[in-house]
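The listed protein sequences derive, respectively, from chains B and G.
In this text, residue positions in the first sequence follow numbering that gives the first Met the number 0: the first is 0, and each later residue adds one.
In this text, residue positions in the second sequence follow numbering that gives the first Met the number 0: the first is 0, and each later residue adds one.
Written below as structure tokens is the structure these notes are about.
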Amino acid sequence: MTVEFDGVGVRLGGTEVVRDVSFTVPRGSVVGLLGANGSGKSTLLRTLYGAVRPHAGEVRIDGVPVRRLRPRERARKVAVVLQDTAADADMTALEAVLLGRTPHGRGFGADRAEDLRAAHGALERVGAAEVAGRPLAALSGGFRQRVSLARAIAQDGEVLVLDEPTNHLDIEHQLELMHLVADLGRTTVAVLHDLNLAAAHCDTVAVLHRGGLAAAGPPRDVLTAAVVREVFAVDAITLTRPDTGAPVLAFDRAAHRTENDPAPHTERTPCDADSPPSPPSSPEPSSSPDAAPASPPRTAPPPRTR
Amino acid sequence: MHVPIGSALLAVAVLALLVVSASVGTVDVPPGDAARLIIGHLVPGMPWMHDGSLDPLQDQAVWRFRLPRALLAATAGAGLALAGAIMQAVVRNPLAEPYILGVSSAAGMGAVLVIVLGSAAVAGLTVHTAAFTAAVAASVLVAVLAQKRGTLAPTRMILTGVALGSLFSAVTSYLTITTDAQNVYSVLFFLLGSVSAATMGSLAAPAAALAVAAVVVAVNARGMNALMSGEESATALGVRVVRLRLVLLVTASLLTGAVVSVAGGIGFVGLVVPHVARILVGGDHRRLLPIAVLGGAAFLLLADLLARTVAAPTEVPIGIVTALVGAPFFLWLMRRDGAAQAGLDR
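Spelled out as structure tokens, the structure:
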């Protein structure tokens, strides 16, 4: 399934937290949604699973606007892994995974054989079969996150949405989770904080800055020093892994910049300007030519498949 | 605990308790005769109803007085337990109970108004109808006062309900303390809760409310489970969270109002029976709700039986028995190892 964000704008309590965001997630690809805290990443995700309704533009799944889908219908297409969900609920791991079957069943009846098969299969898939009967509250963070992913797998949506799925996970479990997600082969949108994790595991990254899309494209093209400085306000150098050729970023506080750095750090970056950043399809950057060195590359979004 | 077997055992226990309740009292009726009398009234053409083997006095005691009372105890127990389970799911708070939104305080105020001022002063309403009207009005008032920008946040609802409940209780206390001494007994009788004045007619409203509520939760049990994993997560699972919460709150309020207006403010059942069910069968509402409903019925039947017999011929108010018997049992259950899985160690 293809997911399209088309000119999406969201207002929360009168404040525009997402504005005019357009990009496409091609079928089966993994897109990382990056940005500083408060940049609107999670809000943009929420438009995809119906928790918030955009005031402008629309989100489409295979060409069908999300707002046209009935909640159950939408939940059969889009499965969500939230940050450490349900840890406070009195459920066993299996019961938590079975919740993923909610949009597939109705009424009071016991879980059908296919629901149980889907739940056990999902737990097996994430390597958590042995904790099926244990209460969620007794599991480690790593297992809890695997159970969350298993629930999304059991939910059986072709679109997978992850909101900071690697939070609180150690490095081994972070890598394991990202590999699991990649192996599923679903159309995936993941909010990630770790730029290197995104660079290594996402086909495309989309960078949000103050509610607008700052850049989108392959990680190597997007995660440049200029973009990182503008969006995250830190200095970065991009290295190349000798074994895979993948980009690796190293960071430094912006205050520690060296004198031969070409771009002087200023508090006001182009995105501080009152005018919203132009959508990435726009050929002309909206900022003044003087600020061009600090402006991100306006990478074209991946081709839209309609 | 295996849920179908547990449910079947509880159902048998409820039936047995109904028969025992019908046979115990000052007029001596053996349980077998009580059962025959009940069946005779339900199924036409039973030979023992006309062969003179059963005394009309026994018939009167069983069918007119004891059975309605036992049925009201069962209905009230089931209704309060169900309303409590619904409230605990909606506000995701283990302290939630059917009375948390001020419904019982309002019903109490309505009843006491009629008792103290007389029916004529309260638009000719009876004690029951005044209590029910006040309960429904209070539910509407809580919803209106708690809503903000079209949404009903659980915390706001609880606090609104608690505040309004205090207000209603203050009115009730004032009326009670300023009224004639002979009215005080009726007031206390209602506030503590009692099933002794039951008639087949007074059963209709709570029974109907229980049936409606049972259908509502049967349809929404999966949604209630999803609600336990949080609002965001439930939304992602395709549940219309705002609508489901509203439907459940209306259901629980009407059910509570219907029960309280007939049986008064019987305490403890609505808070504790859902927790006991959760400890026994876990948090899945498809398992928890049947056990809570049947368990509530059995528990209140047993409590009423004790209330009638322990200090006979004096009756102990049923609310005192539910707490005296229920609290130690619950504390014991809570300390068992299995209870940790019901989220008691948070």
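Glycine included, C-beta positions come from ideal geometry on N, C-alpha and C.
Annotation: the continuous beta strand (DSSP E) that includes Leu248(B) extends over 246-252.
With its beta carbon at least 8 angstroms from every one in chain G, Met0(B) lies outside the interface.
Taking C-alpha positions only, Val141(G) is separated from Leu100(G) by approximately 7 angstroms.
Counting only runs of 4 or more residues that sit fully inside the segment 25-86 of chain B, the alpha helix (DSSP H) segments are 40-47, 70-76, in chain order.
The beta carbon of Arg35(G) is closer than 6 angstroms to those of Trp47 in its chain, skipping five residues each way along the sequence. Per DSSP, reduced to three states, the secondary structure at Asp283(G) is coil, with no helix or strand assignment. For the pair Arg65(G) and Leu53(G), the Cα-to-Cα distance works out to about 16 angstroms. A residue is called buried when at least 16 other Cβ atoms come within 10 angstroms of its Cβ; Ile236(B) does not meet this threshold and is exposed.
Rounded to whole angstroms, the separation of the alpha carbons of Val292(G) and Pro3(G) is 13 angstroms. Under the Cβ criterion of 8 angstroms, Val238(G) is counted among the residues facing chain B. Within the segment 269-298 of chain G, Arg277, Gly281, Gly282, Asp283, Arg285 place their CB atoms closer than 8 angstroms to a CB of chain B, listed in sequence order. If only uninterrupted beta strand (DSSP E) runs of at least 3 residues are considered, those enclosed by the segment 94-165 of chain B are 158-162. Here His192(B) carries a coil assignment [DSSP, helix/strand/coil]. Closest in C-alpha terms to Val194(G), from the list Leu70(G), Ala82(G), Ser6(G), Ile85(G), comes Leu70(G).
Of all residues in the segment 129-154 of chain G, none is placed with a Cβ closer than 8 angstroms to any Cβ belonging to chain B.
Under DSSP, the beta-bridge partners assigned to Glu3(B) are Thr23(B), Arg59(B).
Within the segment 177-191 of chain B, not one residue has a Cβ closer than 8 angstroms to any Cβ of chain G. Here the segment 46-57 of chain B makes no contact with the segment 193-201 of chain B; the two share fewer than three CB pairs at distances below 8 angstroms.
Around the beta carbon of Arg105(B), a 10 Å sphere encloses fewer than 16 other beta carbons of the protein chains shown; the residue is thus reported as exposed. For Phe142(B), the closest C-alpha among the options Ala109(B), Val230(B), Val233(B), Val96(B) is that of Val96(B).
Among the residues of chain G, those whose CB is under 8 angstroms from the CB of Leu81(B) are Gly229, Glu231, Ser232, Ala235, following chain order. With contact defined as three or more Cβ pairs closer than 8 angstroms, the segment 306-319 of chain G and the segment 196-208 of chain G are not in contact. Contact of Glu94(B) with chain G by beta-carbon distance below 9 angstroms involves Asn224, Gly281, Gly282, Asp283. DSSP places Asp202(B) in no beta strand (DSSP E); its state is neither H nor E. Distance from the CA of Gln87(G) to the CA of Leu161(B), rounded to the nearest whole angstrom, comes to 29 angstroms. Less than 8 angstroms divides the Cβ of Asp193(B) from the Cβ of Thr165(B). Beyond the five residues adjoining it in sequence on each side, Leu202(G) comes within less than 7 angstroms, by CB distance, of Pro67, Leu70, Leu71, Thr74 in the same chain, given in chain order. Counting along the chain, no alpha helix (DSSP H) covers Asp50(G), and no H or E run does either.
Contact between Leu16(G) and Leu301(G) holds, with the beta-carbon distance rounding to 6 angstroms and staying under 8 angstroms. At least one C-beta of chain G is nearer than 8 angstroms to the C-beta of Pro70(B). For Asp234(B), the secondary structure class from DSSP, reduced to helix, strand or coil, is strand. Setting aside the 5 residues that flank it on each side, Gly156(B) is surrounded in the same chain by Ala74, Arg75, Lys76, Val77, Ala78, Arg185, each with a C-beta closer than 8 angstroms to its C-beta; the list follows chain order.
The C-alpha of Arg148(G) is placed about 40 angstroms away from the C-alpha of Arg228(B). Around the beta carbon of Tyr184(G), fewer than 16 other beta carbons lie within 10 angstroms, which makes this residue exposed. Taking a cut-off of 8 angstroms on C-beta distances, the segment 206-217 of chain B touches the segment 5-23 of chain B, as three or more cross pairs fall below it.
For Ala198(B), there are no C-beta contacts with chain G under 9 angstroms, since the nearest C-beta of that chain is about 27 angstroms from it.
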